[in-house]
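Residue numbers (this note's numbering): 255 to 557.
The following block contains the structure:
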């Protein structure tokens, strides 16, 4: 089996090609073999402001054989609303109802499958009200055919897999689940063993990227949005990460999210190619390692 034979459904997250114009990003993603792209609410609003219509967006996606695989981002869903007309951005400690409303419009117009949600960018404690608020968010999203993937981020109020899983479980909504990002997983102190308890039915999104084991920036947010690496170019145990998720029964498309100032200096097509090929190589290696482990096990080798 070779890298080209690996059947993997890849999404080019917005962050991987964030500096490219929308048509250029689609072209590069298609040429690199991505099946889908990510779209942020900020980019969607900008496209509408430039005169694009929903029909225009769907038309150009179809021309490149792409779909929208994910949407970002609902921030601080359980906090009080903040001031009006303040754009969504990392660092918010309040909810943004206008941002949520635009995402629901996107879902209706563009057929979004899933949107990511994160906590507030502070260290407030997580109580029962967080699960209640997440459940309410899922209820608002459900009529639009939208699933909500809760993403844990170490420098937010929902910092790790354990807390996020608890919120999703307590909320108990069929359209509420998890987004597991390899950067936040490893940066948050996660180990591959932690993935054994992941519920595959409520794991909606997997985001893959790589990075150095030792942070290169003391500011965790700056590090996360500047210093990621393409899969296979860093020190994360991505083979163990993917293998652990597969062993738990998780089977969802992979979103390649590489926020990298180094990568964005490359031409857009080259950046997309590098991100896609690196991911496929890691997926192949993880798959072969899993097959080898099964073959060497005395109970499976004879079956």
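Don't be surprised by glycine CBs; every beta carbon is placed ideally from N, CA and C. This one's a predicted model, so the numbers in the text were calculated from it and none came from an experiment.
C-alpha distance - residue i paired with residue j, whole-angstrom precision
i, j, result
"residue 424", "residue 353", "25 Å"
"residue 298", "residue 427", "27 Å"
"residue 384", "residue 421", "7 Å"
"residue 431", "residue 508", "15 Å"
"residue 358", "residue 313", "20 Å"
"residue 326", "residue 456", "18 Å"
"residue 537", "residue 287", "15 Å"
"residue 411", "residue 442", "12 Å"
"residue 438", "residue 518", "21 Å"
"residue 539", "residue 349", "41 Å"
"residue 301", "residue 316", "17 Å"
"residue 520", "residue 270", "11 Å"
"residue 565", "residue 548", "Lying outside 255 to 557, the shown extent of the chain, residue 565 is not represented and no answer is given."
"residue 542", "residue 378", "42 Å"
Near the ligand ADP: residue i beta-carbon under 7 Å from a heavy atom
i, result
"residue 542", "The ligand ADP is absent from the structure shown, which contains no ligands of any kind."
Nearest to residue i (by Cα), restricted to the options the options
i, options, result
"residue 283", "535, 536, 545 and 510", "510"
"residue 368", "328, 548 and 374", "328"
"residue 460", "470, 514 and 533", "533"
"residue 401", "389, 484 and 449", "389"
"residue 487", "465, 480 and 474", "465"
"residue 277", "493, 512, 440 and 310", "310"
"residue 529", "334, 514 and 331", "514"
"residue 500", "516, 451 and 479", "451"
"residue 355", "295, 512 and 322", "295"
"residue 322", "414, 363, 417 and 549", "363"
"residue 386", "370, 333, 399 and 378", "333"
"residue 525", "469, 262, 485 and 373", "485"
"residue 405", "392, 445 and 434", "434"
"residue 394", "285, 494, 262 and 351", "351"
Beta-carbon separation (whole angstroms), residue i vs residue j, contact threshold 8 Å
i, j, result
"residue 215", "residue 268", "Not covered by the structure: residue 215. The range shown for the chain is 255 to 557."
"residue 474", "residue 409", "5 Å"
"residue 458", "residue 506", "6 Å"
Buried or exposed by the 16-neighbour rule on C-beta atoms within 10 Å, applied to residue i
i, result
"residue 545", "exposed"
"residue 304", "exposed"
"residue 273", "exposed"
"residue 463", "buried"
"residue 381", "exposed"
"residue 307", "exposed"
"residue 264", "buried"
Residues bridged to residue i [DSSP beta-bridge criterion]
i, result
"residue 265", "290 and 509"
"residue 321", "290"
"residue 349", "335"
"residue 459", "433"
"residue 369", "325 and 402"
"residue 483", "464"
Contact with chain D by residue i, beta-carbon distance below 8 Å
i, result
"residue 461", "In summary, chain D is missing from the structure at hand, where a single protein chain is found."
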